[in-house]
Structures are given as C-alpha cells and as structure tokens.
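Numbering (our numbering), first residue to last: 11 to 296. Just so you know, even glycine gets a beta-carbon here, dropped at the ideal spot from N, CA and C. Worksheet for the structure shown next.
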Amino acid sequence: MQVYLNGEFVEQEEAKVSVADRGFVFGDGVYEVTRIVDGRFIMENEHLGRLEEGLNGLKINLHKSVFEQIPVISRELLTKNGHLEGEATVYLQVTRGASVPRTHEFPSPPVEPTVYLSSAPFKPHTKLHEEGVDAISVMDVRWSRCNLKTINLLPNTMAKQQAKEAGVNSAVMVRDGVITESPNANIFCAKDGVLYTYPASPYILNGITRRAVLKIAEQSGIPVIYEPVRFDELHEIDELFFSGTTTDIQPVTVIDGKPVGSGKPGDVVRAIQEGYSELLYQKAEV
Ligand SMILES: Cc1ncc(COP(=O)(O)O)c(C=O)c1O
C-alpha cells in the first residue's frame, strides 16, 4: 500500500514523520475522510471547502498550489493502490509541520505543513443500516471549536471506547443537557415527521453527510427544525439517526438500554437512507 507524504508516494511502512511534527506533539492539524465509489468522489468539493475552513481556523498556511493538487494526488493514490474500483476512502491530514524547539506558539517564520494522504478499501456497515445500532449517552467534554475537523480526537476516541466497553456500537454525546453528536457522526431526531438537528455552530462538526441529509429532507418534503433535542426529552421522539462519511445513515434504536421510539428504524430514516443511497450509488445530485 502506498501513501503520499510531503510530495512523494512511498510504501506505507517507509513513510516517516518527524518526532518534532506539531501534529505528533500538539495534535496541531486537521483531517478529512472522503468516500469514493467506483472512482467517483462523493461531495469532494464540500470536503475540500471544509478542509480550507479548518486550515484557516487553525491558521495553517498550506500553499495554494499544494491545496489545488489534492484532487490530483488523491486520484493518483487510488490508482496506485487499486482502489478506483469498488468502494474506498481517502484519509487526508495536514499538520502545521515540524519545528524545534517545542513552543506552544506557532513557529516563526512558519515551517512547511506536513501533508499526508492514504487510501483504503471500504465496506459499508449494511447490517447496522438495516437493523439499527445500540448506543450509550456520554458527556460531551470537547472544546468549543468542534466545527473544526482537527486531529485532536481524544474525547471522541474515549467515548467510542466507553461504548465498546459497554457492549454497544456508539455513543450519543450530551452537552448542557442537549444532544450534540456522536463521536464520529452527526445526529438527527424525528418527531411527528419533522427532523430536528443541532444547528451548525462551534459545538458540532457540520458534517458533509449532514448537509446531504438536509438537502434530501428538503427534496422529500420533510420539514427540518434547527434545534437540538434535550436528552431528557428523548423519550418523546420517534426516531434518532447518525449521519457520517463512513457511517452513512444509521438508525439508533436503543440508547442506555431503552428503545428510541418503537425501537425499530422508522419511516423518516428509511426515506433519508433511500435518498442518500441514490446519491452514493446512482449518482443523484443533491
Ligand atoms: C465528530 C464528528 N461529527 C460528525 C461527523 C460526520 O461528518 P461527515 O459527514 O463530514 O463525515 C464526523 C466524521 O468524522 C465527526 O468526527
């Protein structure tokens, strides 16, 4: 398997990053995961747009010529790894780069950012899409810049581990009494045929799949209210589901051992799944 690192394609095991890299030392970087179906990038421009927002948010100066090469590099990588057929993902990470001595403030003058891309085959979580997932609730202990897709994912990885240790698939994070998102997906609730979602704000990542869901809802005549659901009102809602690049659209049927609504995937999530599946596999425009 080849990866791309700072201008070169190299075998994965030969790729080396400096121990002085601020990604390693401070988690000072951003990432994106993009889905590819038979060589077709799903919502590529949206991912590139969010990457740009993240780089600007962290004040990482990636040279425009390098940024513009990302689609070309991604395709070359997929070709080299034989991932242009079937399903795949491209992982991209940009850190502020390597600098000594270790200082909290940014290196001055700036150093070259580290640019890393890898690709992997992907298998959708079909069983979870069909049957729904079990989750636990956890406290959302993340910072207040969750709109930036940074590589600082400790609260997310710890929440996922907590879910694993509880014998369930994922977690629903709760901040100040309201449901925000899962460790790696956005959350939608449905009540009486209306969708509710936490508004795009510094407290959630504005997922690319979330944006697709909102368009599918609009096209399907499903009203959307940009308000989060309170955790103590969970028993009143009919459906809850996750959306994400590798999650797709996953109904959540049990939280903390209690059924959500009927405890089975409902009509709203099925309608959204159908629209999203068209987007992935039938090249529908959203
Ligand atoms: C915290 C968080 N929220 C939401 C998402 C979903 O975003 P996207 O649909 O862009 O994959 C992710 C994806 O990794 C995530 O990590």
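Rounded to whole angstroms, the gap between the alpha carbons of Glu191 and Pro120 is 34 Å. Checking the 7 Å criterion, the Cβ of Pro193 is within range of a heavy atom belonging to ligand 1. Distance between Leu164 and Val182, taken at the CA atoms: about 16 Å.
A direct Cα-to-Cα measurement between Ala227 and Thr219 gives close to 12 Å.
The alpha-carbon separation between Leu58 and Ser109 amounts to approximately 26 Å. Listed in chain order, the non-local C-beta contacts of Val35 below 7 Å within the same chain comprise Arg112, local neighbours out to five positions each way being set aside. A heavy atom of ligand 1 is found nearer than 7 Å to the CB of Asn166. In the structure shown, the three-state DSSP call for Tyr291 is helix.
Taking a 10 Å sphere around the C-beta of Met53, we find 16 or more other C-beta atoms and assign the residue as buried. By the criterion of a C-beta distance shorter than 6 Å, Leu250 is surrounded in its chain by Cys199, Val262, Val270, once the five residues flanking it on both sides are discounted. Taking a contact as a CB-CB distance under 8 Å, the pair Ser154 and Tyr213 counts as one, their CB atoms being some 7 Å apart. Within the region 149 to 193, the complete beta strand (DSSP E) runs of at least 3 residues fall at 180 to 185. Distance between Ser287 and Gln229, taken at the CA atoms: about 14 Å.
Under the rule that a run must span 4 or more residues, the alpha helix (DSSP H) segments found entirely inside the region 96 to 156 read 136 to 141. Selection His73, Arg45, Leu65, Thr255 evaluated against Ser84 yields Arg45 as nearest (Cα-Cα).
Taking non-hydrogen atoms of ligand 1 into account, the C-beta of Val43 is found less than 7 Å away from one of them. Secondary structure note for Lys201: its beta strand (DSSP E) is the uninterrupted segment 195 to 201.
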